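Have a look at the structure below before the remarks.
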Amino acid sequence: MILERKNFMNFDKLNSNLKRTVGAPQIKEMQKLTQLYQLGEGGANEIGTKLENLDSEFQVNHDHNPIHHMEERMKDMQSLAEKLRRKGYKLTIENVQKHIFDVAGIRVVTNYIDDVYLIEKLLVNQSDVTLVRRKDYIKNPKPSGYRSLHVVVSVPVFQAEGSQDVNVEIQIRTVGMDMWASLEHKLRYKTDIDDKLVAQYGEQLHDYADELANIEVKMQGIYKHLNDYDS
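Mapped onto full-length UniProt numbering, the consecutive letters of the sequence shown carry residue numbers 1 to 231.
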């Protein structure tokens, strides 16, 4: 299993990013926002460690790694400001805390569909992890064909002055779903492609999402059958 960390910026860089994004006069409590990011990073690290331990346990006890790889990330400041703006809010500490649940995030890529729900169950059943919200885009795909399980959990982060509960968004999906999502994201944000071509490829990707889902179900069936022979 590979754990990658992206956008885990140092705080001088975060402050510089803030100034470019919203202008220093708009954010008087930059230090608090910096601390919020540090807490988010701590929360992502806590969840990442829990997931690594679960994967290791399954390797030892069941000869199976449910997690193919993971990627931790902190939300880019510009993306954070844009998300608040779309929701109709200004970039303030209070608005971030009330309306943004994915400052810290982890993408978990699994080998099989059943592993998605196994990872979710094992994680949220831990005594110090609280489920905040859940959206299942595997059983209920988005119109584009996007599939993934999104959960937001709260986990305590221990610091010098005590512990604070921190929200972390976890996106759990299979290798096939992750490959599809990466290509669809590239299509949607590739600004130099003709709109007609975007629409054409979008329709094709929608069909391929269904095909990939069916293939993954069949491959999981083969995997289960092989395990039956081993037991």
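Positions of the beta carbon are idealized from the N, C-alpha and C atoms, including for glycine.
On a predicted model such as this, the values are computed, not experimentally measured, just so you know.
- If you ignore the 5 residues before and after E184, its C-beta comes within less than 6 angstroms of the C-beta of L205, all in its own chain and listed in chain order.
- Contact annotation, V116 with T174: C-beta distance approximately 7 angstroms; criterion of less than 8 angstroms satisfied.
- Straight-line spacing of the CA atoms in D194 and F158 works out to 50 angstroms.
- In the structure shown, S163 adopts extended strand secondary structure according to DSSP, grouped into three states.
- By the neighbour-count criterion, in which a residue is buried when 16 or more other Cβ atoms sit within 10 angstroms of its Cβ, G88 is exposed.
- A straight line joining the alpha-carbon of M177 with that of I215 spans about 11 angstroms.
- In chain order, T130, V132, D165, V166, N167 place their CB closer than 7 angstroms to the CB of S154, counting only its own chain and leaving out the 5 sequence neighbours on each side.
- Secondary structure at D194: coil, using DSSP grouped into helix, strand and coil.
- Between R147 and A181, the CB-CB gap stays under 9 angstroms.
- The shortest CA-to-CA distance from D136 to any of N125, E120, D128, Y37 is the one to E120.
- With 16 or more other Cβ atoms from the protein chains shown falling within 10 Å of its own Cβ, V103 counts as buried.
- By the 16-neighbour rule on beta-carbons within 10 angstroms, A160 is exposed.
- In this structure L51 touches M70 by the C-beta definition: roughly 6 angstroms separates them, less than 8 angstroms.
- Looking at the backbone, the Cα of K142 and that of G105 are separated by about 20 angstroms.
- For D102, the three-state secondary structure derived from DSSP is coil.
- Take E169, set aside five residues on each side of it, and the residues of its chain with a beta-carbon closer than 8 angstroms to its own are F101, D102, A104, G105, I106, H150, V151, V152, in chain order.
- Among the bridge pairs identified by DSSP, F158 is matched with S163.
- Going by beta carbons, D55 and I67 fall inside the 9 angstroms limit.
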